[in-house]
Amino acid sequence: MNRTFLLSGIISFVVVLTAMLPGISYATTGTYNYVNEKDSTYTSRSGSYTSVTTTGYPSSSKHAYQSTERTFTGPNNTMRWKCKTSYATEYNFHTYIAIPYNLGVLDGGYNYTAVNTNPSENFTTPINQENYTNDWVYIGWTKGKGGSTGCYVDTDNKELYGGGLDREFWVDHMKYWPNTSPTPPAYTHGW
Amino acid sequence: MKKFSDILKGITVGSLAGLIALIAIHSVSASSDISGKLAIPALPSKPLTINSSVDEVLALMLESDQKWNSLIAAYQLSTRDLVTNEINVQNQYFWLDKKGEWARVETDGPDSVLFVRNAATIAYEKRNQKVYFQVQTPSTFKYDGFNPRDLVTNGGGAVYLHPYGKVLPTGYYDFIYPTGIAQSMILNQAKGKENLQILGEDEVVGRKTIILSRMYRNHLLWVDVETGVVLRVQYVGEADTWQVQFEAISIEYDVRVDGSIFQFAPSKGAKKITSTEFFKTSLDNQ
Chain P
32 MNRTFLLSGI ISFVVVLTAM LPGISYATTG TYNYVNEKDS TYTSRSGSYT SVTTTGYPSS
92 SKHAYQSTER TFTGPNNTMR WKCKTSYATE YNFHTYIAIP YNLGVLDGGY NYTAVNTNPS
152 ENFTTPINQE NYTNDWVYIG WTKGKGGSTG CYVDTDNKEL YGGGLDREFW VDHMKYWPNT
212 SPTPPAYTHG W
Chain R
3 MKKFSDILKG ITVGSLAGLI ALIAIHSVSA SSDISGKLAI PALPSKPLTI NSSVDEVLAL
63 MLESDQKWNS LIAAYQLSTR DLVTNEINVQ NQYFWLDKKG EWARVETDGP DSVLFVRNAA
123 TIAYEKRNQK VYFQVQTPST FKYDGFNPRD LVTNGGGAVY LHPYGKVLPT GYYDFIYPTG
183 IAQSMILNQA KGKENLQILG EDEVVGRKTI ILSRMYRNHL LWVDVETGVV LRVQYVGEAD
243 TWQVQFEAIS IEYDVRVDGS IFQFAPSKGA KKITSTEFFK TSLDNQ
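Protein sequence lines correspond, in order, to chains P and R. Per our numbering, the first sequence starts with residue 32, numbered consecutively. Per our numbering, the second sequence starts with residue 3, numbered consecutively.
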């Protein structure tokens with residue numbers, strides 16, 4: 032077995048895998064970040080985010096990705112999940128949040144405010160994370176042209192009706208799916 | 003010439019190995035597909051009993067909104083401080099008509115709010131801060147063919163919250179609209195990540211309920227046997243007793259709700275602001 036054969040074989044193997052793997056990458060395991068509202072800092076982080084894929088969507092779906100553009104500030108630990116891509120025309124941005132598997136201390140309810148360049152469809156919805164552990168939750172859709180400045184979801188660790196009890200705040204992936212339809216696109220969600 | 007032949011052989015073998023690896027990865031991911039494991043019974047036409055199966059309870063919760071058209075309820079939210087054992091209480095009042103397309107919610111306590119939704123608008127007031135906003139209802143809160151049975155089987159494994167529920171100003175609307183929780187339990191059960199048991203029967207505010215235990219989160223739910231509405235929930239977690247309880251203190255289904263209930267009138271002196279200002283976060287200043 033000579034070097035030329037080995038080298039071309041390895042390159043072909045890698046090319047085939049990298050060219051076709053993104054289509055099924057949604058099945059890989061996700062990661063989460065744990066934010067402690069008392070410290071208002073990241074306390075741990077692990078792994079990397081799954082890659083973006085546009086495979087398997089209806090043709091009306093222009094693009095899809097998982098947002099990894101996240102910022103936070105203290106002491107309130109507001110998280111902003113920014114849309115990354117902007118478009119020349121308006122799309123309906125279908126938005127999902129991932130709530131990771133976790134046990135122990137109770138999670139709380141938090142407001143998620145979704146904003147886009149067309150403010151008429153902006154909305155705020157409370158999500159009780161205690162009910163949706165290990166789930167992708169579809170929170171709704173905004174309308175607009177996207178972009179990291181005018182398109183985002185904000186959430187903070189102000190627990191709704193928490194009665195002053197300390198609460199954990201779990202953060203995982205978020206997905207925006209720009210689409211021409213008001214109906215969420217068919218897609219299989221994975222971790 | 004031999005070098006060219008080696009390259010060709012290398013490409014062939016490498017590509018084949020790549021394809022085999024892809025097929026192996028794909029079959030692993032396909033094994034996590036749960037669509038074939040979702041068997042949801044039809045929406046029960048008779049009240050649940052102690053002999054009903056967990057799946058029948060979930061079926062009723064999934065399409066619970068098909069069992070009522072209007073509803074007037076008061077719930078009490080209690081949160082316990084595990085250190086001092088002090089219990090904080092908040093009352094939440096609901097008037098819902100047309101399955102909640104028309105809605106009024108009032109809460110008391112330091113975070114007291116008034117929320118009104120009618121044909122075209124939603125209005126929301128923070129009473130203690132004396133500010134409110136009123137806007138056209140965003141489309142995402144419209145019913146628009148919402149079909150949880152179809153979504154749980156064809157929705158790709160995500161949870162779709164009730165469009166009339168998720169607009170309400172409380173983190174506990176899921177118990178009046180339990181479709182989201184039912185979807186979560188159905189999906190996680192199919193993935194082997196739930197442990198659901200029927201513990202018995204009970205009465206809450208004079209209505210028969212089935213007690214459902216969601217073990218892996220340590221939740222107890224009292225499910226109305228006729229409507230699927232959750233009349234009491236207790237989050238226990240790792241504590242010896244409940245840490246949070248959300249419990250109906252009165253409920254009436256399909257009663258006439260006066261239309262004037264759904265007209266918003268801000269409190270005296272309340273200032274109108276934009277919804278952005280209303281839900282402002284610290285990041286809006288950056």
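By construction, the Cβ of each residue, glycine as well, lies at the ideal position given by its N, Cα and C atoms.
Reduced DSSP secondary structure (H/G/I, E/B, other) of residue i
i, result
"ALA75 (chain R)", "strand"
"SER80 (chain R)", "strand"
"GLU203 (chain R)", "strand"
"ARG258 (chain R)", "coil"
"PRO11 (chain R)", "Here the sequence assigns Lys to residue 11 (chain R), which means Pro is not the residue at that position. Here LYS11 (chain R) sits in helix by DSSP."
"MET110 (chain P)", "strand"
"LEU137 (chain P)", "coil"
"PRO150 (chain P)", "helix"
"THR214 (chain P)", "coil"
"PHE148 (chain R)", "coil"
"ASN159 (chain P)", "strand"
"ASN220 (chain R)", "coil"
"ASP312 (chain R)", "Shown here, chain R extends from 3 to 288; a query on residue 312 (chain R) therefore has no answer."
"GLU108 (chain R)", "strand"
"ALA129 (chain P)", "strand"
"GLN94 (chain R)", "strand"
"ASP185 (chain P)", "strand"
"GLU279 (chain R)", "helix"
"ASP113 (chain R)", "coil"
"SER54 (chain R)", "coil"
"VAL133 (chain R)", "strand"
"GLY182 (chain R)", "helix"
"ALA160 (chain R)", "strand"
"VAL190 (chain R)", "Note that residue 190 (chain R) is Asn in the sequence shown, not Val. Three-state DSSP puts ASN190 (chain R) in a helix."
"VAL232 (chain R)", "strand"
"LYS69 (chain R)", "helix"
"TYR174 (chain R)", "coil"
"PHE244 (chain P)", "In the structure as shown, chain P starts at 32 and stops at 222, and residue 244 (chain P) therefore has no counterpart that could be examined."
"VAL154 (chain R)", "helix"
"ILE42 (chain R)", "coil"
Same chain only: Cβ atoms within 8 angstroms of residue i, ignoring 5 sequence neighbours per side
i, result
"VAL115 (chain R)", "VAL107, GLU108, THR109, TYR126, GLU127, LYS128, ARG129 and PRO171"
"SER29 (chain R)", "Low per-residue confidence applies at SER29 (chain R): pLDDT is 44, beneath 50, and the placement is therefore not dependable, though the value from the model is reported in the following sentence. For SER29 (chain R), where only same-chain residues beyond five positions count, there are no Cβ hits under 8 angstroms."
"THR211 (chain R)", "GLU203, ASP204, GLU205, TRP224, VAL225, ASP226, VAL227, LEU233 and ARG234"
"GLU58 (chain R)", "PRO43, PRO46 and LEU50"
"TYR169 (chain P)", "HIS125, THR126, TYR127 and PRO215"
"PRO165 (chain R)", "THR142, PHE143, LYS144, TYR145, ASP146 and PHE148"
"THR229 (chain R)", "LEU62, SER66, LYS69, TRP70 and TYR255"
"ASN93 (chain R)", "ALA76, TYR77, GLN78, LEU79, THR109, ASP110, GLY111 and ILE251"
Distance between beta carbons of residue j and residue i, contact taken as under 8 angstroms
i, j, result
"PHE143 (chain R)", "VAL169 (chain R)", "4 angstroms"
"LEU137 (chain P)", "GLN245 (chain R)", "5 angstroms"
"TYR77 (chain R)", "ILE251 (chain R)", "7 angstroms"
"ASN159 (chain P)", "GLY173 (chain R)", "4 angstroms"
"ASN190 (chain R)", "ASN162 (chain P)", "Not really, about 11 angstroms apart at Cβ, beyond 8 angstroms."
"GLU152 (chain P)", "PRO150 (chain R)", "Between PRO150 (chain R) and GLU152 (chain P) the Cβ distance is about 22 angstroms, and since that is not below 8 angstroms, they are no contact."
"ILE13 (chain R)", "THR35 (chain P)", "Wrong, their Cβ atoms sit about 11 angstroms apart, outside the cutoff."
Residue i: CB within 7 angstroms of a non-hydrogen atom of the ligand SAH
i, result
"ALA61 (chain R)", "What this structure holds is no ligand at all, so the ligand SAH is not there to describe."
Own chain, CB closer than 6 angstroms to residue i, minus 5 neighbours either side, in chain order
i, result
"GLY181 (chain P)", "THR148"
"GLY167 (chain R)", "TYR175 and TYR179"
"ASN142 (chain P)", "THR155 and PRO157"
"ASN120 (chain R)", "TRP104 and PHE264"
"GLN236 (chain R)", "LEU222, TRP244 and GLN247"
"ASN87 (chain R)", "none"
"LEU38 (chain P)", "none"
"GLN199 (chain R)", "SER215"
"GLU254 (chain R)", "ILE74"
"SER291 (chain R)", "In the structure displayed, chain R extends from 3 to 288; residue 291 (chain R) sits before or after that span and is not available."
"ILE188 (chain R)", "LEU60 and VAL154"
Cut-off 7 angstroms between Cβ atoms - residues of its own chain near residue i, not counting five sequence neighbours on either side
i, result
"LYS132 (chain R)", "SER269, GLY271, ALA272 and LYS273"
"ASN197 (chain R)", "MET217 and TYR218"
"PHE266 (chain R)", "VAL118, ALA125 and GLN136"
"LYS39 (chain R)", "ALA192"
"TYR134 (chain R)", "ALA125, TYR126, GLU127, PRO268, ALA272 and LYS274"
_Meets three-Cβ-pair contact criterion under 8 angstroms: the region 175-195 of chain R and the region 53-63 of chain R_ = The region 175-195 of chain R vs the region 53-63 of chain R: in contact.
*Evaluate contact between the region 256-269 of chain R and the region 201-209 of chain R, counting only Cβ atoms and requiring at least three cross-stretch pairs below 8 angstroms.*
Judged by pairs of C-beta atoms under 8 angstroms, the region 256-269 of chain R does not touch the region 201-209 of chain R, as fewer than three such pairs exist.
*If you measure beta-carbon to beta-carbon, which residues of the region 143-164 of chain P are closer than 7 angstroms to chain R?*
THR144, SER151, GLU152, ASN153, PHE154, THR155, THR156, PRO157, ASN159, GLU161, ASN162, TYR163 and THR164
*Select from the region 236-251 of chain R all residues with a C-beta closer than 8 angstroms to any C-beta belonging to chain P, and list them in chain order.*
Residues passing the 8 angstroms Cβ filter: TYR237, GLY239, GLU240, GLN245 and VAL246.
*Members of the region 164-179 of chain P that neighbour chain R once the beta carbon cut-off is set at 9 angstroms*: THR164, ASN165, ASP166, TRP167, VAL168, TYR169, ILE170, GLY171, TRP172, THR173 and LYS174
_Contact list for the region 57-84 of chain R against chain P, Cβ threshold 9 angstroms_ = LEU79, SER80, THR81, ARG82, ASP83 and LEU84
_Any C-beta of chain P within less than 7 angstroms: which residues of the region 83-108 of chain R qualify?_
ASP83, ASN90 and GLN92
*Identify each residue in the region 9-20 of chain R for which the Cβ-Cβ distance to at least one residue of chain P is less than 7 angstroms, and report them in chain order.*
ILE9, LYS11, GLY12, ILE13, VAL15, GLY16, SER17, ALA19 and GLY20
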